[in-house]
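Residue numbers (my numbering), protein chains in the order written: chain A, 1 to 335; chain B, 1 to 344.
Beta carbons: idealized from backbone N, C-alpha and C, even for Gly.
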């Protein structure tokens, strides 16, 4: 396999919880991201899945240098990502861009589409000389399937799916190597969602992009991703190729997650084994001791409360999972 | 159509408009469906298809103005509700029909305890004392499986998690033992593991109480798991209606088929291509003439732009509003039918 373009090791992001107005004191920490390691290779799609509050969006923000990490390292093409300053940092931003979830709030309503998509060129004039910009912006609009004639329109004149395409055009403007997609299709209707997903695959093939694809929809991730990391309460609990995760999940959380996803096929009703989790995700400000999933886990044993399981390959499995009792599921064929 | 009195709820040819003059948006253009006791009808559609407005009209909570009901009929056990005395409709709400909403946090009042809000119904509709009503509220919370219901009943909505708030909403809606429950996107705001819990709870309660359930959703997966019958909506019309098994196996409307081909499935074979529906849903103030779906339809012919297709009977209680519905049902869709299923 090629050298990873983005390499993250033991990344931690804690947010302090404070009390008091004049004398603010820290009374605890929300452990949003708590020791995440991952590799992203050029041209591949790595999916990060998890439920709300598992830290997947915070992970994206830290990697985009939008908020500083508490500890841990990340390298981009071998260079320390968190050490970049000034011109070095600006130059790096050309290589890594983000597409955000909400196409209604991530575009400035006072700017035309041309301004929104062309703004990256103001910051990086070396990419497109001034006279050439209008043409470049129109090219980008065409690439994402929008009418290049609409360059002077405002965001409110577009539908949700079209706005998401504008966000994608903006991310593409600087010809990045990596795009972080933070729930790019979860605000869209199914028929529109499929259009945007197909666009993302086409762009990846055309420009050789690597995606860090953050989503809660397991169907979307299966469709788009080469490799998948499953997060729960700030840590990765299982990681592997899409095939490994979706057919041979070995962590009880991943298994429960997969069995909870409704499948659009009534003939399978009652034939899929249902693993129902009890209760809700605990607060990341006060996570359980040992394994964080143990409070909802059907396999929990006393050892789980004491000893946090490492993310490693265990006997009988073929990819890393953070569970003392990791075991492959039984495969059932429905036919 | 069957005899009106035989259905729990029957909606017929419902028309609703918003706005005035040139800005008039035709939100509902002749919607009709029915529900019986103990069954689940799923109303499936994307944003703007009119599925929630239909439900609001049935409940009598549609804001008029700006909305205008311009025609149709809503009958509950044969009794016409449109134009009925507002006091009569108020009595039916809660007592006979109840509704739960997508966003439980904004549907609950933040300054009253959850128990107080459930107990209100027992106090004003059943004349119970505060104390008795609170005790009943705790029983209701217990019914929807909220742990420590006796203590939790005094807590406020912000102290509940998303899944528990939706449970509290369900408890509230079932307090007066309605015969019909309308659930408007009840799990859309929830995570999958919690969604599965809530859908199972709703299904169990429906079975135990013999309620009719109208489940409004855009999620084809949820529909496949619980619905008995499905009505698919597009641009304010029902475009297809049949039982769950038939709809998924032999969709008769190209829109329904398009939706199914658009969904990335968790049990898909890797790399399976999505076939999205091109274009966008129409603006409700400028619905295309003829079939509202024809500009996006790969099979459209001249007749589609000229004539509005009516729901036509395809046999076996299967209707679709497409001029070529018979042809689509006959063709076997070339979708993979065997799927790997992951169990524990």
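Would you kindly work out how many angstroms separate the C-alpha atoms of residue 47 of chain B and residue 277 of chain B, rounded to a whole number?
For the purposes of this step, residue 47 of chain B is taken as the residue at position 47 of the second chain. For the purposes of this step, residue 277 of chain B is taken as the residue at position 277 of the second chain. Spanning the two alpha carbons is a distance of roughly 15 Å.
For the ligand NAD, is there any heavy atom lying closer than 8 Å to the beta carbon of residue 243 of chain B?
With respect to small molecules bound, the structure shown includes none, and the ligand NAD cannot be examined in it.
Name the DSSP beta bridge partners of residue 13 of chain A, please?
In the first chain, the residue the question calls residue 13 of chain A occupies position 13. Beta-bridge partners of residue 13 of chain A (DSSP): A:33.
With 16 other Cβ atoms within 10 Å as the buried cut-off, status of residue 318 of chain A
For this step, residue 318 of chain A is matched to residue 318 along the first chain. Answer is exposed; the Cβ neighbour count stays below 16.
Give me the chain B residues within the contact set of residue 276 of chain A, using Cβ-Cβ distance strictly less than 9 Å, ordered along the chain.
Position 276 of the first chain holds residue 276 of chain A. In chain order: 193, 196, 197 and 200.
Residue 310 of chain A versus residue 57 of chain B: straight-line alpha-carbon distance, rounded
As a working note, residue 310 of chain A is residue 310 in the first chain. As a working note, residue 57 of chain B is residue 57 in the second chain. Going from the Cα of residue 310 of chain A to the Cα of residue 57 of chain B covers about 55 Å.
What would DSSP say about residue 201 of chain A, mapped onto helix, strand or coil?
The residue labelled residue 201 of chain A in the question sits at position 201 within the first chain. DSSP places residue 201 of chain A in the helix class (H, G or I) of the three-state scheme.
Give the DSSP-derived three-state secondary structure of residue 251 of chain A in the structure shown.
On the first chain, position 251 is the one that residue 251 of chain A refers to. Coil at residue 251 of chain A, not helix or strand.
Are the beta-carbon atoms of residue 225 of chain A and residue 58 of chain A separated by less than 9 Å?
For the purposes of this step, residue 225 of chain A is identified with residue 225 of the first chain, where counting begins at 1. For the purposes of this step, residue 58 of chain A is identified with residue 58 of the first chain, where counting begins at 1. For the pair residue 225 of chain A and residue 58 of chain A, the CB atoms are not nearer than the 9 Å cut-off.
For the alpha helix (DSSP H) that residue 64 of chain A lies in, which residues bound it at each end?
Counting from one through the first chain, the residue named residue 64 of chain A turns up at place 64. Element bounds for residue 64 of chain A: n/a, residue is neither H nor E.
For a contact meaning CB atoms closer than 8 Å, what does residue 257 of chain A contact in chain B?
If you number the first chain from 1, residue 257 of chain A lands on position 257. Per Cβ cutoff of 8 Å: 192 and 193.
Could you tell me if residue 342 of chain B is buried or exposed, where buried requires 16 or more neighbouring beta carbons within 10 angstroms of its beta carbon?
Position 342 of the second chain holds residue 342 of chain B. Confidence is the limiting factor: at residue 342 of chain B the pLDDT is only 32, short of 50, which leaves the residue's position unreliable and the question unanswerable from this model.
Only counting the same chain, and skipping five residues up and downstream in sequence, which positions put a Cβ closer than 8 Å to that of residue 80 of chain A?
Mapped onto the first chain, residue 80 of chain A falls at position 80. Within the same chain, residue 80 of chain A has close Cβ partners 73 and 74.
Proximity test, Cβ basis, 9 Å: residue 266 of chain A and chain B:
The count along the first chain starts at 1 and reaches residue 266 of chain A at position 266. Judged by the 9 Å Cβ criterion, residue 266 of chain A is in contact with chain B.
Once the 5 residues before and after residue 277 of chain A are set aside, which same chain residues still bring their CB inside 6 Å of it?
For the purposes of this step, residue 277 of chain A is taken as residue 277 along the first chain, with counting starting at 1. Here the set comprises 256 and 296.
Note down the Cα distance separating residue 167 of chain A from residue 301 of chain A, rounded to an integer number of angstroms.
In the first chain, residue 167 of chain A corresponds to position 167, counting from 1. In the first chain, residue 301 of chain A corresponds to position 301, counting from 1. Whole-angstrom Cα-Cα distance: 47 Å.
Out of A:112, A:243, A:327 and A:237, point me to the one whose CA is closest to residue 157 of chain A's CA.
Locating residue 157 of chain A in the first chain gives position 157, counting from the first residue. Ranking A:112, A:243, A:327 and A:237 by Cα distance to residue 157 of chain A puts A:112 first.
So for residue 128 of chain B, helix, strand or coil by DSSP?
Position 128 of the second chain holds residue 128 of chain B. Coil, per DSSP.
Extract the residue ranges of the alpha helix (DSSP H) inside the segment 154–218 of chain A, only unbroken runs of 4 or more that lie entirely within it.
Listed in chain order, they are 160–172 and 190–207.
Any C-beta of chain A within less than 7 Å: which residues of the segment 245–263 of chain B qualify?
245, 248, 258, 259, 260, 262 and 263
Measure from the C-beta of residue 346 of chain B to each C-beta in chain A and report whether the shortest distance is under 9 Å.
The structure shown does not extend to residue 346 of chain B, since chain B spans only 1 to 344, so no value can be given for it.
Please tell me whether residue 227 of chain B has its Cβ less than 9 Å away from any Cβ of chain A.
Translated into the one-based positions of the second chain, residue 227 of chain B becomes position 227. Chain A, which has a Cβ nearer than 9 Å to the Cβ of residue 227 of chain B, makes this yes.
Measure how close the beta-carbons of residue 77 of chain B and residue 8 of chain B come, nearest whole angstrom, since I'm counting them as under 8 Å.
For the purposes of this step, residue 77 of chain B is identified with residue 77 of the second chain, where counting begins at 1. For the purposes of this step, residue 8 of chain B is identified with residue 8 of the second chain, where counting begins at 1. Contact holds; Cβ gap of about 6 Å.
Please list the terminal residues of the continuous alpha helix (DSSP H) segment that includes residue 198 of chain B.
Residue numbering aside, residue 198 of chain B sits at position 198 when the second chain is read from its first letter. Segment 192–209, the alpha helix (DSSP H) holding residue 198 of chain B.
Kindly confirm or deny that the segment 20–34 of chain B and the segment 235–245 of chain B touch, where touching means at least three C-beta pairs closer than 8 Å.
Yes, since at least three Cβ pairs between the segment 20–34 of chain B and the segment 235–245 of chain B fall closer than 8 Å, the two stretches touch.
Output needed for residue 78 of chain A: all residues of its chain with C-beta closer than 6 Å, excluding positions within five of it in sequence on either side, in chain order.
Within the first chain, the letter at position 78 stands for residue 78 of chain A. For residue 78 of chain A, where only same-chain residues beyond five positions count, there are no Cβ hits under 6 Å.
Give the secondary structure of residue 246 of chain A by DSSP, where H, G and I count as helix, E and B as strand, and everything else as coil.
For the purposes of this step, residue 246 of chain A is identified with residue 246 of the first chain, where counting begins at 1. In this structure, residue 246 of chain A counts as helix in the three-state DSSP scheme.
I'd like to know whether the C-beta atoms of residue 118 of chain A and residue 93 of chain A end up nearer to each other than 9 Å.
Walking along the first chain from the start, residue 118 of chain A turns up at place 118. Walking along the first chain from the start, residue 93 of chain A turns up at place 93. Taking 9 Å as the Cβ cut-off, residue 118 of chain A and residue 93 of chain A do not qualify as a contacting pair.
Inter-residue spacing [alpha-carbon to alpha-carbon] between residue 306 of chain B and residue 295 of chain B:
Position 306 of the second chain, counted from the start, is the residue given in the question as residue 306 of chain B. Position 295 of the second chain, counted from the start, is the residue given in the question as residue 295 of chain B. Taking the straight line from one Cα to the other gives about 12 Å.
CB of residue 185 of chain A within 9 Å of CB of residue 220 of chain A, strictly
Here residue 185 of chain A refers to the residue found at position 185 of the first chain. Here residue 220 of chain A refers to the residue found at position 220 of the first chain. Closer than 9 Å, so yes.
Kindly indicate which residue of B:243, B:274 and B:154 has the alpha-carbon position closest to the one of residue 111 of chain B.
Here residue 111 of chain B is taken as the residue at index 111 of the second chain, counted from 1. Closest by C-alpha distance to residue 111 of chain B, out of B:243, B:274 and B:154, is B:154.
Pick out whichever of A:129, A:62, A:90 and A:84 has its Cα sitting closest to the Cα of residue 182 of chain A.
To locate residue 182 of chain A, count along the first chain from 1; it is residue 182. For the residues A:129, A:62, A:90 and A:84, the minimum Cα distance to residue 182 of chain A belongs to A:62.
Quick one: what does DSSP say residue 47 of chain B is sitting in, helix, strand or coil?
Working through the second chain from its first residue, we reach residue 47 of chain B at position 47. Of the three classes helix, strand and coil, the one that applies to residue 47 of chain B here is coil, per DSSP.
Rounded to the nearest angstrom, what separates residue 329 of chain A and residue 237 of chain A at their Cα positions?
Start at 1 with the first residue of the first chain, and residue 329 of chain A comes out as number 329. Start at 1 with the first residue of the first chain, and residue 237 of chain A comes out as number 237. Here the C-alpha atom of residue 329 of chain A lies approximately 16 Å from the C-alpha atom of residue 237 of chain A.
Taking the CB atoms as reference points, tell me whether residue 175 of chain B and residue 136 of chain B lie closer together than 9 Å.
For this step, residue 175 of chain B is matched to residue 175 along the second chain. For this step, residue 136 of chain B is matched to residue 136 along the second chain. Yes, Cβ-Cβ distance for residue 175 of chain B and residue 136 of chain B is below 9 Å.
Report the CB separation of residue 210 of chain A from residue 178 of chain A in whole angstroms; it is logged as a contact under 8 Å.
For this step, residue 210 of chain A is matched to residue 210 along the first chain. For this step, residue 178 of chain A is matched to residue 178 along the first chain. The pair is a contact, with the Cβ atoms about 5 Å apart (cut-off 8 Å).
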